[in-house]
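Step one of this worksheet: look at the structure below.
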Amino acid sequence: MENPILITENLKAYYGNHLVLKDINLEIPRLNITAIMGPSGCGKTTLLRCFNRLHELSPGGRIEGQIWLGDTDILSLDPIMVRRRIGMVFQRPNPFPTMSIYDNVIAGYKLNGMKLSRVEADEIVERALRGAALWDEVKDILHRRGTFLSGGQQQRLCIARALAMNPEVILLDEPTSALDPKATAHIEELLISLKSRVTIIIVTHNIGQAGRIADYTAFLYLGELVEFGPTERLFTAPKDRRTEEYLSGKFG
Amino acid sequence: MRTGSYSRRIVISRIMECVIFFFAFISLLPLTLILFYLAKKGMAAIDWQFLTHLPRPVGEEGGGVVNAIVGSAILIFCATLMAVPLGVGAGLYLSEAKEGKLSYWTRVAVDILQGSPSIVMGVVVYLWVVKPMQSFSALSGSIALAIMMLPMVIYSTEETLKAIPCTLKEAALALGVPYYRTILKVVIPAGMSGITTGVLIGVARIAGETAPLLFTAFGSPFLDINPLKPVAALPLVVFNYATSPYPQWWEQAWGASLVLTFLVLCLHLTAKIGTRRWKIQF
Chain A
24 MENPILITEN
34 LKAYYGNHLV
44 LKDINLEIPR
54 LNITAIMGPS
64 GCGKTTLLRC
74 FNRLHELSPG
84 GRIEGQIWLG
94 DTDILSLDPI
104 MVRRRIGMVF
114 QRPNPFPTMS
124 IYDNVIAGYK
134 LNGMKLSRVE
144 ADEIVERALR
154 GAALWDEVKD
164 ILHRRGTFLS
174 GGQQQRLCIA
184 RALAMNPEVI
194 LLDEPTSALD
204 PKATAHIEEL
214 LISLKSRVTI
224 IIVTHNIGQA
234 GRIADYTAFL
244 YLGELVEFGP
254 TERLFTAPKD
264 RRTEEYLSGK
274 FG
Chain B
197 MRTGSYSRRI
207 VISRIMECVI
217 FFFAFISLLP
227 LTLILFYLAK
237 KGMAAIDWQF
247 LTHLPRPVGE
257 EGGGVVNAIV
267 GSAILIFCAT
277 LMAVPLGVGA
287 GLYLSEAKEG
297 KLSYWTRVAV
307 DILQGSPSIV
317 MGVVVYLWVV
327 KPMQSFSALS
337 GSIALAIMML
347 PMVIYSTEET
357 LKAIPCTLKE
367 AALALGVPYY
377 RTILKVVIPA
387 GMSGITTGVL
397 IGVARIAGET
407 APLLFTAFGS
417 PFLDINPLKP
427 VAALPLVVFN
437 YATSPYPQWW
447 EQAWGASLVL
457 TFLVLCLHLT
467 AKIGTRRWKI
477 QF
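Heads up: the sequence lines are chains A and B, in that order.
Everything in the first sequence is counted per the working numbering, starting at 24 for the first residue and increasing by one.
Everything in the second sequence is counted per the working numbering, starting at 197 for the first residue and increasing by one.
Take a look at the structure:
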């Protein structure tokens, strides 16, 4: 593959002594949407959380192998530096409840103690909120609490919060599973519009969602990377029997 | 037969309803009666002079308990100053390291501390602080009260922080925020209302403590804000006056009791309203 942004080599992840990811070798293409799908408990979220090293914070969480971001192994970096380059959006919207919408967007700067001038901050907030297609809805209520927004708006606020840090990659962990179909459609459109700016990796157990938005899809089963390829190819001509069975709804 | 047993059930259900209503009502009675009686007895003693003047010798008319009010304020303030950082820190540790050995033993220790008789605290602090310093003092009284308050602050902090969704912490960590800043700027602010409520309840609890002060703050008829000197406190005044042989002092003891109860009541109400008002939506 040409110029991948993230490459995993023999990536293993453990919870205590329990091996949850078995030798994952994966190349994530730059400026594309890659979906990681698979049945519950197959390790998709764990894989995602390896990329920003959040997995190590789970009790007993341990990673082995290599994850290359450009030409550095992120497992040799300080997790803090990794997380400033790779943003994340969670399953349930989690804006900071004590902060306004405005402060939520620049939370990455504020919480890290980086000083921003008023003008810089205004600019970052507007750009991130426009990027997350939320600006028009909240531009007049920027100083209200973020938790007053609807679920879909809160999730877009969380996307804006991640975008504000100008990350190279954004990880999304089933970002629409807590949302209604309309809000889901909105987020999916948004992700497609964002892929020219930032590489997107999305975990989903919704096959339809992977089919709608992902350029590439990885299918994970019982901690194993069963198949990876362009979504269209994977969906129309799966090479592995397990992929085919999952896609046709035989299990999942 | 079936309809018969059915109506019997309804009757039993009714009777049980009445019984529990009766018990609920009974449990309200003591507080109402205490407040009523206190107000009746105490109001007579309370006037402007009572709240702003120093005590006078037996036999002289008038005099007040301003020394005890100020003394209680000093004791509570210093105790809070000591118990809050320690308690919030320990509570934070317990909520973060849920399953460590140290957490386990800390919980055991805090449980025992909470159950220890308050007079024992007084004696221990007497040995630790009063004897080496060779003087009763506000400082030693505050230490005894701080130890009394500690378990409450620890538990309310732990419970509050445990209830904060883990995803909130992860949201900050995922932005590249270091752990200590995540705790200070995200977790603690989100738990602020719960912690504050816990502190208020803790203050209310120690405001009325007498036993830990008997050998520490000791009491004093003067208005002195030096923390190394003995100070008066409202519960001490109540104790000393009520056990004295002078009817004039008995009346003042009622007055001091009313002031103290009113203070504690206010703290509890603030905490109650606070939990609702300052609630943070996640």
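Where a beta carbon is used, it is the ideal one built from N, C-alpha and C, also for glycine.
- State the beta-bridge partners of residue 35/A as determined by DSSP. 87/A
- Best match in 112/A, 248/A and 83/A for proximity to residue 34/A [C-alpha to C-alpha]: 248/A
- Task: Would you be able to state if there are at least three C-beta pairs under 8 angstroms between the segment 338-347 of chain B and the segment 311-319 of chain B?
- Result: yes
- Query: So, residue 28/A versus residue 93/A, is the Cβ gap smaller than 9 angstroms?
  - Reply: yes
- Message: Please report the distance separating the alpha-carbon of residue 244/A from that of residue 62/A.
- Response: 7 angstroms
- Message: Below 7 angstroms on C-beta distance, what does residue 120/A contact in chain B?
- Response: 386, 476, 477 and 478
- DSSP three-state call for residue 274/A: helix, strand or coil? coil
- What span of residues does the alpha helix (DSSP H) with residue 56/A cover, start to end? Careful: residue 56/A lies outside any alpha helix (DSSP H), inside the beta strand (DSSP E) at 56-60.
- Message: Taking a contact to mean a Cβ-Cβ separation below 9 angstroms, would you say residue 412/B touches residue 340/B in this structure?
- Response: yes
- Item | Rounded separation between residue 446/B and residue 307/B - CA only | 37 angstroms
- Item | Amino acids of chain B, ordered along the chain, whose beta-carbon sits closer than 9 angstroms to that of residue 170/A | 476, 477 and 478
- Query: Since residue 322/B is in the beta strand (DSSP E), which residue starts that stretch and which ends it?
  - Reply: That residue, residue 322/B, is in no beta strand (DSSP E); it is neither H nor E in DSSP.
- Message: Going residue by residue through the segment 216-262 of chain A, where are the continuous alpha helix (DSSP H) segments of at least 4 residues, counting only ones entirely within it?
- Response: 230-236 and 254-259
- Anticipated Cβ contact below 8 angstroms, residue 224/A with residue 71/A, distance rounded: 6 angstroms
- Query: Can you list the alpha helix (DSSP H) stretches of 4 or more residues lying completely in the segment 382-442 of chain B, in chain order?
  - Reply: 384-403, 407-410 and 430-438
- Task: Within the same chain, show all residues whose beta-carbon is closer than 8 angstroms to that of residue 397/B, passing over the 5 residues directly before and after it, in chain order.
- Result: 348, 352, 463, 464 and 467
- Task: Find out if the Cβ-Cβ distance for the pair residue 305/B, residue 425/B is shorter than 9 angstroms.
- Result: no
- Query: How far does the alpha helix (DSSP H) with residue 149/A in it reach, from first residue to last?
  - Reply: 141-154
- Query: So, using beta-carbon positions, are residue 77/A and residue 111/A closer together than 9 angstroms?
  - Reply: yes
- Query: Taking DSSP as the reference, what is the three-state secondary structure of residue 191/A?
  - Reply: coil
- Task: Report yes or no: is there a C-beta of chain A within less than 9 angstroms of the C-beta of residue 363/B?
- Result: yes
- Query: Quick one: Cα of residue 431/B to Cα of residue 453/B, how far?
  - Reply: 7 angstroms
- Query: So is residue 301/B buried or exposed if we call it buried at 16+ other beta carbons inside 10 Å?
  - Reply: exposed
- Query: When the Cα atoms are used, what is the spatial distance from residue 147/A to residue 82/A?
  - Reply: 35 angstroms
- Separation of residue 188/A from residue 292/B, as counted between CA atoms: 27 angstroms
- Query: Can you name, in chain order, every residue of its own chain whose Cβ lies under 6 angstroms from the Cβ of residue 221/A, other than the five neighbours on each side?
  - Reply: 193
- Message: Rounded to the nearest angstrom, what separates residue 267/A and residue 234/A at their Cα positions?
- Response: 14 angstroms
- Residues of the segment 353-379 of chain B with a CB closer than 8 angstroms to any CB of chain A: list them in chain order, please. 361, 363, 364, 366, 367, 368, 369, 370, 371, 372, 373, 374, 377 and 378
- Task: Please list the partners that residue 381/B has in chain A, where partner means a Cβ-to-Cβ separation under 7 angstroms.
- Result: 134
- Burial state of residue 119/A (16 or more Cβ within 10 Å): buried
- The beta strand (DSSP E) enclosing residue 347/B, as first and last residue numbers: From DSSP, residue 347/B is part of no beta strand (DSSP E) but of the alpha helix (DSSP H) over 334-358.
- Please classify residue 219/B: is it buried, with 16 or more other beta-carbons within 10 angstroms of its beta-carbon, or exposed? exposed
- Through-space distance from residue 214/A to residue 177/A, alpha-carbon basis: 15 angstroms
- What residues in its chain sit with their C-beta under 6 angstroms from that of residue 354/B, if we drop five residues either side in the sequence? 287, 290 and 291
- Task: Could you check what DSSP says for residue 115/A in three-state terms: helix, strand or coil?
- Result: coil
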